[in-house]
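K.L.:
If you count by this note's numbering, then the sequence shown holds residues 1 to 181, one letter each, in order.
Below are the structure tokens for one structure; questions will follow.
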Amino acid sequence: MALEHAILVSLLEQPGSGYELARRFERSIGRFWTATHQQIYRVLKRMEADGWVVSEEIGQDGRPDKRAYSVAATGQAELITWLRAPVQPEAVRHELAVKIRGAAFDDAEGRAALVDEVRRYRAEHEATLHRYLTGEKRDFPAGAELDAGQRLQHVVLRGGIAYERMLLDWLDDVLTTLREL
Numbered sequence: 001m002a003l004e005h006a007i008l009v010s011l012l013e014q015p016g017s018g019y020e021l022a023r024r025f026e027r028s029i030g031r032f033w034t035a036t037h038q039q040i041y042r043v044l045k046r047m048e049a050d051g052w053v054v055s056e057e058i059g060q061d062g063r064p065d066k067r068a069y070s071v072a073a074t075g076q077a078e079l080i081t082w083l084r085a086p087v088q089p090e091a092v093r094h095e096l097a098v099k100i101r102g103a104a105f106d107d108a109e110g111r112a113a114l115v116d117e118v119r120r121y122r123a124e125h126e127a128t129l130h131r132y133l134t135g136e137k138r139d140f141p142a143g144a145e146l147d148a149g150q151r152l153q154h155v156v157l158r159g160g161i162a163y164e165r166m167l168l169d170w171l172d173d174v175l176t177t178l179r180e181l
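Structure, rendered in structure tokens:
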């Protein structure tokens, strides 16, 4: 997937400025596709030059004007083409998994350092799971009537929650195994 497609989806959900897009990437889309502010602005300019998005200057009192983006017909057509294309299998690259396998060739001191790293990594993912669960409560309260877009956003978030839970279970297994060595 290209960053362009993630931006098109986000702008179709709600048009906005580059800054607003970057905030959305931090809050929701960033769960599955990350991009820096600079990448988003650079890609938005290219998408506008290609006719995929259009922008307008919006004046703001006491602040510099902002540029708001929305999806053009050609951008929506590109997204539809991409949505209908087969998904390519992703190569899994997991540096920590290689380090865990490599621990067989390290000494006790190195394995102790790896335990610390696995704990640090686990804490990061525990915090991510907490953010996902907090966002789920905020954005998808129990019993709320959700439209089609919200239901699809929620099912993707539930996938992220399931992934983080699976990863935490695996990291617990890794820590148990490392302690037994």
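Just so you know, even glycine gets a beta-carbon here, dropped at the ideal spot from N, CA and C.
State the beta-bridge partners of Ile-58 as determined by DSSP.
P.N.:
Lys-66.
K.L.:
Give the straight-line distance between the Cα atoms of Thr-128 and Glu-136, rounded to the nearest whole angstrom.
P.N.:
Computed Cα separation, rounded: 12 Å.
K.L.:
On the criterion of 16 or more Cβ atoms from any shown chain inside 10 Å, does Glu-109 qualify as buried, or is it exposed?
P.N.:
By the neighbour-count rule (16 or more Cβ atoms within 10 Å), Glu-109 is not buried but exposed.
K.L.:
Which ranges would you report for the alpha helix (DSSP H) in the stretch 85-170 if only whole runs of at least 4 residues count?
P.N.:
Here the runs fully enclosed are 95-102 and 108-139.
K.L.:
So who's on the other strand from Val-9, going by DSSP bridges?
P.N.:
Note: Val-9 sits in no beta bridge, so no partner.
K.L.:
Taking DSSP's pairing of strands, which residues face Gly-18 in a bridge?
P.N.:
Gly-18 pairs with nothing; no bridge assigned.
K.L.:
Rank Leu-3, Arg-131 and Ile-100 by C-alpha distance to the C-alpha of Arg-119 and give the top, closest one.
P.N.:
Taking only the C-alpha atoms, the option nearest Arg-119 is Ile-100.
K.L.:
My guess is that Ser-28 and Lys-66 are in contact by the Cβ rule of under 8 Å, so how many angstroms apart are they, rounded?
P.N.:
About 21 Å; that fails the 8 Å criterion.
K.L.:
Rounded to the nearest angstrom, what separates Val-53 and His-130 at their Cα positions?
P.N.:
So the alpha carbons of these two residues sit roughly 34 Å apart.
K.L.:
Considering only their Cβ atoms, is the gap separating Leu-79 from Ala-35 smaller than 7 Å?
P.N.:
Not closer than 7 Å, so no.
K.L.:
Could you tell me the alpha carbon to alpha carbon distance between Gly-143 and Tyr-132, rounded to whole angstroms?
P.N.:
So the two alpha carbons sit approximately 18 Å from each other.
K.L.:
Suppose contacts are defined by Cβ-Cβ distances below 7 Å. Is Gly-184 in contact with Leu-8 by that definition?
P.N.:
In the structure displayed, the chain extends from 1 to 181; residue 184 sits before or after that span and is not available.
K.L.:
Using a Cβ-Cβ cutoff of less than 8 Å, which residues in the same chain neighbour Val-98 once the five nearest sequence positions on both sides are dropped?
P.N.:
Closer than 8 Å at the Cβ level, and outside the excluded window around Val-98, lies no residue.
K.L.:
Does the separation of the CB atoms of Ala-104 and Leu-114 fall below 7 Å?
P.N.:
It is not a contact, given that the beta carbons lie outside the stated cut-off.
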